[in-house]
Every structure is written in structure tokens, then in C-alpha cells.
């Protein structure tokens, strides 16, 4: 009959053996396996054989051989694996994946980098603390020798490692000057304090409804990245920076950020950012800011920020206090609002603010706002008793509120409506017929503004209506500046003039100057000509509020009584003391240089605020003159009129910019280093110089100077070849050899 073969593995029947392949599959379980093969003739057993197979390793999921490597006392870094072919592989080429004999060299190497990361999945290990110069992740809030070396591990060293938390429900504390490269993973909260240092933080979304929060106090942290997948309505993704010694890098994908002191990089939040300076002895410094609700409060101390940008529709930006410095504002074409609440200071006009609903507004009667640069915004709202002064042009759709808008004549265009706002013109002089402002045709009437000290007459046009001053009447005093910054050791003189400009004070009335200031910092002198000089004699580096002052000019009647401020306006100027002069002007030339005697050089000075700079020189060896002005650029020319070797300082705003050294006058010659002139012939040179040119020949028996004439700065001189063919000599100008001449 026909024989058949069946087999079993570890006592389990596996069926018939297929003779074509002759292969039996061995289980991958690591152990000894018993395989029995039985031969039958029909139903009669003819015999059996038994084999024992030991499996010492199993294949990986993709059925390819794998090697697992472990490193004793592993640390971060790179490792190298070296592969060496076995004797079996040499003898079984067909078993290789490609059917090609494997390399016989031992230099088959694969590098693998071990991450500098420790994964923390024990819920009790929540403290990053320092002990004996090393940082540990620990279940204890403080460490000693026993706890570090305890058999039951209470601390693991994490110097220079990324610490990844995997639990998600932990409150992490970083204290005692601990230092780690990075914190990642899922946590409920991180508190970083006590001089600790965290290189960066990148957090993942929590499984629970509560998103993480981070607090930084007296510590340094690099960039922080919250997970932008977190729910903005959960109240998480919060950052608080609350001490003067706190420092944080750039922050992204936060929901809300609060900075009470310290220093940060750029801040981006989905909802709210609050910036303040709680410590009146220290400033708060922040980079660029972007959110939908932004509040910056400089009431207690100085706050400095980068550009403030609207993040979305209906963004609100609120400014408070009187010690704020902002690089700029960008509405980013959203209908954002820039609001002032008890704010006194100067800010730049917002960019990209023409979207319908984009608004600038005061909300407090004590607001005194000065807006620099040209402003193009949808609307302006001014609260009663408050004032906004526009230094440049204003292009606006609508204006409302009972406060005061101050602007120079002819600098405002309105294309919608005005409702009840008081209008002041800031010009030193105005007269009947002066254009006050213009508007889109048939949108504004003469009585829509409450004009302070003048009346208006309207001239209608097909596209534009023009409003001109019709009459003027004295209404009080103005100071020639609404604000000024004066450096320690410097002074400035102020003038009070009748408002509106072009009117005169009543006969017998005088001006009384006063200053509300710290008298150890500001000194007021009233001059005989009616002006006032304010000198800054100190600076308070600890309390910024002491570096502020208000200069006032009040009208006094012939009896010596101050006039009612409701009847006659008081002129005001907000003053700020600076520790060193503020750089408002830059020069296109800043390095020392030499200038030839009689020559000139032109400087371009750019004024950031448009104010004319003070430009001068240290002595009469340089003559200086103003050449002209273009926009915010001013041009000045200096001419070297002194002796060769004189050194003269050039000064910008009373600070030395550079030193000019007067050198020997330069002489340009139209001829190269060598010439050939036929015997008996002549050659004419042209020398250009601002000084006298004295040409000579090195050997008059070879070449002679036969003629010299001068026209303007050009001197023409002729030489004649009188020597023998082949002879040469130098041609000298003011004692310097310029050309070698050869008789041809």
C-alpha cells in the first residue's frame, strides 16, 4: 500500500507531512520542543522517530532575524553595532535575502543615537531638585546623602537630560537651583523657582479636561511650547511669570499669559495676555505680543515691549500708566481696538487699522495720549476730559466722544461723521482762511466739532469738503511741546504761547510756570523773557515714577490771580528724565575719517521722530552748513578750512559722533604713471585740486615745465621733451612724483 507520514509537536497532532517540501514548522517559543514523526501503511503503524529542537531566540514580527542589544550602565550618547558573517551564512548563500554571499569583513557598522531622555511614569516622582551639584528627579522635595543612595530608589540623576512625564496628572516642582535640558510630556502644572534653569518646555495634550499651567519665579526657562490641540475653553495652557529675576524665552500656543515682572521673549496666546510691572524698582521687558485680549499696565514701573499684534477679530488692546514703551502696534487688518485707561504717554499709530470697526479710544478722563506718525484708522472715540494729540496726519472715518482731539491744521481727513468732539489746532500760528481739515463730500458740517478758540467755514466740493478757520479768539495757553524727554545733565527751554496761535493774551496778563516733579531730579528756572528752562539734575534708577514730571503754564490776571481753568486753558508738557540721551537721530557716517584741506563732506542725519537734530563741530577748522531736508532726513556739509593735521570733533545732539582729521589736499591728475613724448614736442597735464598746484621736473635737462594756467579748480601745465631720446625723468606735483616721462 501507500505510506503516509504524520507528525506532532509537543504532543499536539499537526497533521500530514508534505513530502514535496519535507519541512516541518517549529514553534518560535523559546524552549525545547519535542517533534514526533509517524509512518503508516494504510492504518498500520510501521514506525516513528523523535527529534528534540531547542529554540533559543524568536524572530521579530516582520519575520526577519533580529538582535537585541543591552548596554550595562547605559548613558546618553551614540553607540556602534558591528556585524560579522557566521560560518553558516557563508555556507548557505541561498538563505540570504538577496541570494548573494554576505560580506566577509567585520567593518559592517550601524550607528544608533541614544536619546538624552528619561521617561518618568511613576506618579510620585514629581520633584526636580539639586543635591551635591547634580539634578535629580525625586519623590522627595529635598535630598540628602541617605535618600540619594537608598536601596529603594527615591531619586534618579537627570543632569543634561530631557525629562519626559508620562502620567499626566502630576504637579511638577523644579526648585533648589535644579537644571535640566528639557521638560516634555503630560503634566497638570509646573512650578519653576529658586534659581532653577530649564532649557525648554514642550507639553502634550492631557487626557483630562484640564490643560497644563506653568509658573516661573526667580528662575530661567528657554522657549515654552504648549500643545495647540488643547481646548482653549478648558482654562489651561497658562503661563505666569511673576518675579524680577524670572526669565522666559519665546512662548507659543498658550491660552493665557500673565507677566508681572521679569523678562520674556515673544508671547503668543489664543486668548489673553496681561503685562505689568508689580515691582516699582524693576522694569518688565517683553518681546513681541500676539493675542485677542492684551492689557499692558505701567502704573507701578516701566514696561517695555516689542510689537503688539491683534490675533483675531475683536481683539482688544488696553494701555495703562505713564511709563510704557511699545515698539509698535499692528491691527493686522482685524477690527481691533486700542484703548487707553488712565494712560499718559506717547505711542506709535497702529498699522493695518483701516478695517471696519478698528478703533482708537480713551476710556478715562485722565488719559493724555500722543500718537506719532501718520494714522489711518476706522474710528476714534475720546472720553470726556481726555485728550488725544496726533503728531502726524489722521485719516479717519468717524470721530465721537466729548473729549479733545488735537492736531495740526490741514492734517486730518474724515470720510464719515463727527459727533461732539472738541477740536484743537496745535499750530503755533493760525489765521482766518487756514485749512483746518477736509472731509468726504457731504459727511461733516461746520458745527459737528466743538472748535476750541476758532470757528469754521465750509467750502463744498464735488468729492471733498474743505473746512477753513473763519475766526479766532483767545482761549488760554499752550506749550510749544506736549511732551519731552531730557537726559540727566541736560536742559530744555519751553515757550508758552497764546492759544489758538495768532491770538494774543489780554493786556496786563502774564504766564506763571510751575512743575509738578521730584525736585532732586527736575529743576525749573523762569527766564526774564517769559520762557521756562527745565534742567534734569538727577535720575532715579529704582523708582521710574520719580523720573516723570508735568510742566504747566497758567494765565495770571493783572491782580496776580490765576485765571479760572474753565475759562482759559492751562498749557501742559509731560516730561521724562532719561539716564542718558535718547538716540533719536542716526548718521550715515559714524567712523573717524580724513578730509583733504579745502574739500567738503556731506552727512545725512535721520531723525526717528522728525525733530531737527543739533549738528555742530568742535572748532573753526571745519566750516559747517545745513544743506537741506527730505522727510526725516537732514543734510549737513562740513568743509576743511583749517591747517593740515587739525583734528575736529563732529557732534550730533551734543554728543561727539566722530573726529575729522584735515589731510593734505588731494590732487587728481589726468595722466597715468608713464608717458612718452617725442623729442622737441610738448605734453599738457590737467591737475584738479582745491589748493595750489606746483608742477616741477626732476631733471630740467630732460623735460622742462614751460607753461602753467589755472581755471577754477583745474590747473593745466605743459612739459617739453628737451633731452636725448631714451632719457627719462619724473614729473612732480607739489613735491610728489606722479609720472615718469621718457623722450621718444
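Residue numbers (our numbering): 2 to 745. The beta carbon of each residue, even a glycine, is placed where N, CA and C say it ideally should be. All values derive from a computational prediction rather than experimental measurement.
Here's the rule: buried if 16 or more other CB atoms are within 10 angstroms of the residue's CB, otherwise exposed. What is residue 30?
Residue numbering aside, residue 30 sits at position 29 when the chain shown is read from its first letter. Using a 10 angstroms sphere on the CB of residue 30, the tally of other CB atoms stays under 16, which defines it as exposed.
Taking the alpha-carbon positions, what's the residue 4 to residue 46 distance?
The count along the chain shown starts at 1 and reaches residue 4 at position 3. The count along the chain shown starts at 1 and reaches residue 46 at position 45. Spanning the alpha carbons of residue 4 and residue 46 requires a straight line of approximately 9 Å.
Can you tell me where the beta strand (DSSP E) holding residue 241 begins and where it ends?
For this step, residue 241 is matched to residue 240 along the chain shown. Where residue 241 is concerned, the enclosing beta strand (DSSP E) stretches over 239–242.
Rounding to the nearest angstrom, what Cα-Cα distance links residue 545 and residue 300 in this structure?
The residue given as residue 545 occupies position 544 in the chain shown. The residue given as residue 300 occupies position 299 in the chain shown. Roughly 10 Å separates the two Cα atoms.
Would residue 627 and residue 601 be called neighbours here (beta carbons separated by less than 8 Å)?
Taking the chain shown and counting its residues from 1, one reaches residue 627 at position 626. Taking the chain shown and counting its residues from 1, one reaches residue 601 at position 600. Residue 627 places its beta carbon 8 Å or farther from that of residue 601.
Assuming contact is defined by CB atoms lying nearer than 8 Å, are residue 130 and residue 177 in contact in what I supplied?
Position 129 of the chain shown, counting from 1, holds the residue named residue 130. Position 176 of the chain shown, counting from 1, holds the residue named residue 177. Going by C-beta atoms, residue 130 is nearer than 8 Å to residue 177.
Runs of beta strand (DSSP E) wholly within the region 445–488 (minimum 3 residues, chain order):
Taking only runs of at least 3 residues, the beta strand (DSSP E) segments lying wholly in the region 445–488 are 455–460, 465–473, 477–480 and 484–488.
When you compare only the Cα positions, how much space is there between residue 667 and residue 470?
The residue labelled residue 667 in the question sits at position 666 within the chain shown. The residue labelled residue 470 in the question sits at position 469 within the chain shown. The alpha-carbon separation between residue 667 and residue 470 amounts to approximately 58 Å.
Using CA coordinates, which residue listed in 218, 35 and 288 is at the minimum distance from residue 55?
As a first step, residue 55 is located in the chain shown; it is residue number 54 there, counting from the start. Comparing Cα-Cα distances from residue 55 to each of 218, 35 and 288, the minimum goes to 35.
Proximity of residue 289 and residue 310 at Cβ, strictly below 8 Å:
Here residue 289 is taken as the residue at index 288 of the chain shown, counted from 1. Here residue 310 is taken as the residue at index 309 of the chain shown, counted from 1. Cβ atoms of residue 289 and residue 310: closer than 8 Å.
With burial defined as no fewer than 16 other Cβ atoms inside 10 Å of the residue's Cβ, what is the status of residue 594: buried or exposed?
Numbered from its first residue, the chain shown carries residue 594 at position 593. Label assigned to residue 594: exposed.
If you reduce the DSSP assignment to three classes, tell me which class residue 779 lands in.
Because the chain spans 2 through 745 in this model, residue 779 falls outside it and cannot be assessed.
Output needed for residue 672: all residues of its chain with C-beta closer than 6 Å, excluding positions within five of it in sequence on either side, in chain order.
Mapped onto the chain shown, residue 672 falls at position 671. Around residue 672: 686 and 740.
Terminal residues of the alpha helix (DSSP H) in which residue 141 lies
In the chain shown, the residue the question calls residue 141 occupies position 140. Here residue 141 belongs to no alpha helix (DSSP H), and DSSP marks it neither H nor E.
Is it a yes or a no for the region 365–378 touching the region 333–352, going by three-plus beta-carbon pairs under 8 Å?
Result yes; three or more Cβ-Cβ pairs closer than 8 Å.
How big is the Cα-Cα spacing for residue 692 and residue 657?
The count along the chain shown starts at 1 and reaches residue 692 at position 691. The count along the chain shown starts at 1 and reaches residue 657 at position 656. Here the C-alpha atom of residue 692 lies approximately 29 Å from the C-alpha atom of residue 657.
Between which two residues does the beta strand (DSSP E) carrying residue 494 extend?
Along the chain shown, read from residue 1 onward, the residue named residue 494 stands at position 493. Membership of residue 494 in the beta strand (DSSP E) is indicated by the continuous run 492–495.
Look at the alpha carbon of residue 175 and the alpha carbon of residue 223, and state the distance between them as a whole number of angstroms.
Reading the chain shown from its first residue, position 174 is the one you call residue 175. Reading the chain shown from its first residue, position 222 is the one you call residue 223. For the pair residue 175 and residue 223, the Cα-to-Cα distance works out to about 14 Å.
For residue 395, which residues of its own chain have a beta-carbon under 7 Å away from its beta-carbon, when the five flanking residues on both sides are left out?
What you label residue 395 is simply residue 394 of the chain shown in a count that begins at 1. So the list reads 376, 408, 412 and 413, once near-sequence residues are dropped.
Please confirm if residue 443 has its CB atom under 8 Å from at least one CB of chain B.
Here chain B cannot be found, since the structure has a single protein chain.
What's the C-alpha gap between residue 608 and residue 586?
In the chain shown, the residue the question calls residue 608 occupies position 607. In the chain shown, the residue the question calls residue 586 occupies position 585. The C-alpha of residue 608 lies about 4 Å from the C-alpha of residue 586.
Closest by CA to residue 508, which one among 461, 384, 556 and 635?
For the purposes of this step, residue 508 is identified with residue 507 of the chain shown, where counting begins at 1. Checked all of 461, 384, 556 and 635; the closest Cα to residue 508 is 556.
Which whole runs of the beta strand (DSSP E) in the region 143–182 are 3 residues long or more, in chain order?
Runs found: 156–158, 163–166 and 172–175.
Tell me the DSSP secondary structure of residue 343 in three-state form.
In the chain shown, counting from the first residue as 1, residue 343 sits at position 342. Note: residue 343 maps to strand in three-state DSSP.
Less than 6 Å between C-beta atoms, sequence neighbours within five positions excluded: which residues of the same chain meet that for residue 640?
Start at 1 with the first residue of the chain shown, and residue 640 comes out as number 639. The answer, listed in chain order, is 601 and 624.
Through-space distance from residue 275 to residue 482, alpha-carbon basis
Translated into the one-based positions of the chain shown, residue 482 becomes position 481. Translated into the one-based positions of the chain shown, residue 275 becomes position 274. The alpha-carbon of residue 482 is positioned some 32 Å away from that of residue 275.
C-alpha gap between residue 447 and residue 458, whole angstroms
By 1-based counting over the chain shown, the position of residue 447 is 446. By 1-based counting over the chain shown, the position of residue 458 is 457. Answer to the nearest angstrom: the Cα atoms are 6 Å apart.
Anyone know if the C-beta pair for residue 634 and residue 605 falls short of 8 Å?
Position 633 of the chain shown holds residue 634. Position 604 of the chain shown holds residue 605. Yes, the Cβ-Cβ distance between residue 634 and residue 605 is below 8 Å.
Of all the options 543, 454, 435 and 722, which has the alpha carbon lying nearest to the alpha carbon of residue 423?
For this step, residue 423 is matched to residue 422 along the chain shown. Comparing alpha-carbon positions, the option among 543, 454, 435 and 722 lying closest to residue 423 turns out to be 454.
From 466, 429 and 588, residue whose alpha carbon lies closest to that of residue 416:
Taking the first residue of the chain shown as 1, we reach residue 416 at position 415. For residue 416, the nearest C-alpha among the options comes from 466.
Smallest Cα separation from residue 512: which of 436, 560, 485 and 524?
Indexing the chain shown from 1 puts residue 512 at position 511. Ranking the options by Cα distance to residue 512, first place goes to 560.
So what does residue 372 bridge to, in DSSP terms?
Residue 372 sits at position 371 when you count from the first residue of the chain shown. Within the DSSP bridge table, the entry for residue 372 names 348 and 391 as partners.
Between which residues of its own chain and residue 305 is the CB-CB distance below 6 Å, once the five residues before and five after are set aside?
Position 304 of the chain shown, counting from 1, holds the residue named residue 305. Taken in chain order, the residues that qualify are 286 and 326.
Is DSSP giving residue 88 helix, strand or coil here?
Residue numbering aside, residue 88 sits at position 87 when the chain shown is read from its first letter. Three-state DSSP puts residue 88 in a helix.
Option nearest residue 700 by Cα separation, candidates 13, 742 and 603:
Locating residue 700 in the chain shown gives position 699, counting from the first residue. The residue with the shortest Cα to Cα distance from residue 700 is 742.
Relative to the C-alpha of residue 26, which residue among 32, 9 and 42 is closest?
Start at 1 with the first residue of the chain shown, and residue 26 comes out as number 25. The candidate whose alpha carbon is nearest that of residue 26 is 9.
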